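Numbering (my numbering), first residue to last: 15 to 206.
Every residue gets a Cβ at the ideal spot worked out from N, C-alpha and C, and that includes glycine.
It should be emphasised that the depicted structure is a prediction, and the values quoted were computed from it without experimental measurement.
Below is one structure; the comments refer to it alone.
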């Protein structure tokens, strides 16, 4: 992405005076309807991520303003709204055509995302550890035997554990941590 596109693509949270960003304030984002997969992965990284599948742009903007969130979208027209052009609201344009993992890398590099404790991928709620007995009725018997730690969302009660898919999740989380430590932004190219 060249410098000319960077200007259009990014308005970092602390560049927007109305946000009154504090260095210690946790990043909160809002994904538009085009970024559902990205929203789930950001939640896996521990980012407080608002997402409603069929949200209208005006409702997304109102929510982001009210909750002090950075808007993530692949809709260039959305960022032509005055709240973005005046810096009242921060947003990041996600280049069209990036594969999901590259979207995550792009956002992580541009917003210098810290990797935190995962959040619920369904509702964005915080997860809490629970014992085997508390989840025995919803977890497959085989997992109850092999898995030691279980977590439940405080909001929607969805249960999580480190299953076979965790290797892929852990690899991307580690990559983002390494990127942040190196201070680098990923090279991403749209899918053809």
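Check	Outcome
Residue 90 versus 73, 109, 72, 117, residue with shortest Cα-Cα distance	109
Through-space distance from residue 86 to residue 206, alpha-carbon basis	Residue confidence for residue 206 is low, a pLDDT of 44 falling below 50, so the modelled location carries little weight; the figure read from the coordinates is stated next. So the two alpha carbons sit approximately 22 Å from each other.
Residue 178 versus residue 57 - alpha carbon distance	19 Å
Range of the contiguous alpha helix (DSSP H) that encloses residue 96	96-99
Same chain, Cβ closer than 6 Å to residue 172, neighbours up to 5 away in sequence not counted	134, 136
For residue 80 and residue 62, believed in contact at Cβ under 8 Å, the rounded distance	Not a contact, Cβ separation roughly 14 Å.
Runs of beta strand (DSSP E) lying entirely within the segment 111-165, each at least 3 residues, in chain order	141-144
Cβ-Cβ distance between residue 83 and residue 126 below 8 Å	no
Simplified DSSP assignment, three categories, for residue 67	coil
Inter-residue Cα distance where the pair is residue 100 and residue 186	34 Å
Assumed close pair residue 145, residue 60 - CB separation to whole angstroms, cut-off 8 Å	Residue 145 to residue 60, Cβ: 23 Å. No contact.
Proximity of residue 128 and residue 141 at Cβ, strictly below 8 Å	no
Residue span of the beta strand (DSSP E) that contains residue 44, given as start and end	42-45
Backbone secondary structure at residue 51 - three-state DSSP	helix
Reference residue 124; option with closest CA among 76, 197, 49	197
Distance, residue 164 Cα to residue 175 Cα	5 Å
Pairwise C-alpha distance: residue 139 and residue 45	16 Å
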